[in-house]
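Letter by letter, the sequence shown follows residues 1 to 415 of this note's numbering. In this text, a Cβ means the ideal position worked out from N, Cα and C, and glycines have one as well. Since the model is a prediction, treat every value here as computed from it, not as a measurement.
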Amino acid sequence: MVQQETLRSSKDYIALEDRYGAHNYHPLPVVLTRGEGAYLWDVEGKKYYDFLAAYSAVNQGHCHPHIVEALKKQAEQLTLTSRAFHNDMLGPYEKFITEFFGYDRVLPMNTGVEGGETAVKLCRKWAYEVKGVPANQAKIIFVTGNFWGRTLGAISSSTDPSSTTGFGPYMPGYEIIPYNDLPALEEALQDDNVAGFMVEPIQGEAGVVVPDEGYLRKAYDLCRSRNVLFIADEVQTGIARTGKLIACEHEGFKPDILILGKALSGGVFPVSAVLTSDEVMLTIKPGEHGSTFGGNPVACAVGMAALEVVRDEKLSERAEHLGQIFRDRMQKNLVEKTDLVTLVRGKGLLNAIVINDEEDSKTGWNICLKLAENGLLAKPTHGNKIRFAPPLIMTEEQLSECCDIIEETILSFQA
């Protein structure tokens with residue numbers, strides 16, 4: 001066994017991963033060892049601002065003391081019972097989260113993609129038992145550019161070749177239409193076998209793609225008119241990230257099925273959840289869906305603590321305020337001053353800039369390497385887009401310093 005103390009540099013740790021791990025990620029060459037609030041430190045002791053927040057999993061900041069204390073306290077008492085027995089944390093957690101988001105019931109899982117799989121199963125079961133769709137004929141509509149994970153169920157709805165190539169055959173019963181296209185949705189909904197429409201309110205992995213104002217609400221209304229469930233994948237956009245508790249609130253509606261994950265634990269434990277109505281949830285019977293770890297006592301304690309932080313520290317309001325400052329700065333100092341950045345977009349503290357280069361170019365990657373050198377961690381997506389999503393607990397002063405770093409770094413690439 002390799003002893004921890006024999007590894008001294010980032011190069012050593014990276015070499016170990018390269019030798020013994022699967023090569024299914026391409027991370028920046030930074031090896032992190034500690035996090036606190038909006039900061040991260042690497043094994044050499046260099047300090048960074050975190051501008052990715054583990055893809056919005058640490059909205060509450062790294063190692064938030066309230067969440068960590070809940071984790072430690074529960075871990076010392078009871079960690080796992082499976083769902084073969086009741087535990088004294090699950091009921092209180094289920095009551096807390098359903099009241100927090102305004103739903104009848106919750107089905108607890110662990111990861112975001114498990115939440116998506118759960119939502120798809122619930123939607124199909126509801127279609128057969130309530131809507132009356134013939135057996136095995138239910139369809140679920142997805143949109144181009146979606147991303148909700150890399151299980152077979154998730155990639156079957158993907159339009160990204162890097163997710164799909166070499167992994168067929170794919171799951172049937174999915175239909176894919178263009179994102180942000182209401183006529184396409186209206187046409188697809190004419191099929192009486194359509195059970196659900198699953199969509200990210202803002203597409204994160206695609207490069208923080210924000211649909212037209214009113215698109216989501218009109219899509220929801222179209223679904224309602226055709227007795228089709230509107231499924232919101234808010235794994236990345238939820239938990240205050242976009243300036244509202246969930247992004248659908250920007251357009252004044254509550255989705256029929258809500259998928260949450262990532263920041264539901266503040267990044268200290270895998271916790272996801274699917275929330276919906278009695279009518280939908282109670283179609284699932286014992287033995288038809290579950291998870292050994294879903295709803296375990298630690299997850300329940302952590303989930304409640306994470307949501308308490310969102311509420312008590314007013315993170316939705318903070319994200320809304322800081323996000324506007326960030327986009328204004330990027331627009332004024334980059335988009336309007338350099339040809340290198342063509343667009344800034346986002347809501348709250350989920351934002352991205354678009355680099356004036358091809359998707360397969362190295363410019364975005366090279367900018368992120370330079371950002372890391374200058375003390376800020378971010379990651380490109382689809383080559384020419386850089387996502388900026390810091391922890392929501394960031395102060396205005398910290399954000400201003402980060403904007404300085406981003407602006408100075410990108411301007412240094414200007415020809």
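{"Query": "Integer Cβ distance of valine 416 from threonine 118, believed to fall under 8 Å", "Result": "This structure gives no information on residue 416, because the portion of the chain shown stretches from 1 to 415."}
{"Query": "Straight-line gap, valine 341 to asparagine 366 (C-alpha atoms, nearest Å)", "Result": "14 Å"}
{"Query": "Range of the contiguous alpha helix (DSSP H) that encloses valine 310", "Result": "297-312"}
{"Query": "Proximity to isoleucine 386 [Cα-Cα], best of Lys370, Asn146, Gly364, Arg150", "Result": "Gly364"}
{"Query": "Beta carbon of serine 156 nearer than 8 Å to that of methionine 171", "Result": "yes"}
{"Query": "Selected residue, minimal CA-CA separation from leucine 282, among Ala389, Ala219, Tyr128, Val199", "Result": "Tyr128"}
{"Query": "6 Å Cβ shell around tryptophan 126 - same chain, five flanking residues per side excluded", "Result": "Val280, Thr283"}
{"Query": "Span separating the alpha-carbon of aspartate 191 from that of leucine 185", "Result": "11 Å"}
{"Query": "Backbone secondary structure at glycine 37 - three-state DSSP", "Result": "strand"}
{"Query": "Inter-stretch contact (C-beta, 8 Å, three-pair minimum) for the region 287-297 and the region 199-217", "Result": "no"}
{"Query": "In DSSP terms, what isoleucine 109 is bridged to", "Result": "Note on residue identity: the sequence assigns methionine, not isoleucine, to residue 109. According to DSSP, methionine 109 bridges with Ser272."}
{"Query": "Cβ-based burial, glycine 132 [other Cβ within 10 Å; buried from 16]", "Result": "exposed"}
{"Query": "Methionine 1 to leucine 32 span [Cα, whole Å]", "Result": "Its pLDDT being 49, under 50, methionine 1 is placed unreliably by the model, and the measurement read from it follows with that caveat. Cα to Cα, the separation comes out at about 21 Å."}
{"Query": "Helix, strand or coil at tyrosine 170 according to DSSP, with G and I counted as helix", "Result": "coil"}
{"Query": "Bridge-paired residues (DSSP) for glutamine 203", "Result": "Val209"}
{"Query": "Assigned secondary structure, asparagine 333 (DSSP; H/G/I helix, E/B strand, else coil)", "Result": "helix"}
{"Query": "Counted within 10 angstroms of its Cβ, other Cβ atoms place threonine 395 as buried (16 or more) or exposed", "Result": "exposed"}
{"Query": "Burial state of glutamine 414, where buried means 16 or more other Cβ atoms lie within 10 Å", "Result": "exposed"}
{"Query": "Distance, isoleucine 410 Cα to lysine 139 Cα", "Result": "45 Å"}
{"Query": "Residue span of the alpha helix (DSSP H) that contains alanine 22, given as start and end", "Result": "From DSSP, alanine 22 is part of no alpha helix (DSSP H); its letter is neither H nor E."}
{"Query": "Residue environment, aspartate 360, which counts as buried when at least 16 other CB atoms sit within 10 Å", "Result": "exposed"}
{"Query": "Continuous alpha helix (DSSP H) stretch holding phenylalanine 96: start and end", "Result": "90-101"}
{"Query": "Whole runs of the beta strand (DSSP E) within the region 42-76, excluding any shorter than 3 residues", "Result": "47-50"}
{"Query": "Buried versus exposed, by CB contacts within 10 Å (16 or more), arginine 8", "Result": "exposed"}
{"Query": "Segments assigned beta strand (DSSP E), at least 3 residues, entirely inside the region 228-256", "Result": "229-233"}
{"Query": "Pairwise C-alpha distance: threonine 165 and glycine 323", "Result": "36 Å"}
{"Query": "Coarse secondary structure for lysine 285, derived from DSSP in three states", "Result": "coil"}
{"Query": "Where lysine 370 falls: helix, strand or coil (DSSP)", "Result": "helix"}
{"Query": "CB contact flag (alanine 263, serine 316, <8 Å)", "Result": "no"}
{"Query": "Proline 29 (DSSP reduced to helix, strand or coil)", "Result": "coil"}
{"Query": "Asparagine 374 and isoleucine 355 closer than 8 Å at C-beta", "Result": "no"}
{"Query": "Option nearest asparagine 103 by Cα separation, candidates Cys300, Arg345, Ile259, Gly153", "Result": "Looking at the sequence itself, residue 103 is tyrosine, so the reference to asparagine does not match. Answer by Cα proximity: Ile259."}
{"Query": "Inter-residue spacing [alpha-carbon to alpha-carbon] between glycine 145 and threonine 6", "Result": "44 Å"}
{"Query": "Burial state of glycine 168 (16 or more Cβ within 10 Å)", "Result": "exposed"}
{"Query": "Bridge-paired residues (DSSP) for phenylalanine 388", "Result": "Asn351"}
{"Query": "Distance CB(arginine 329)-CB(valine 208) smaller than 8 Å", "Result": "no"}
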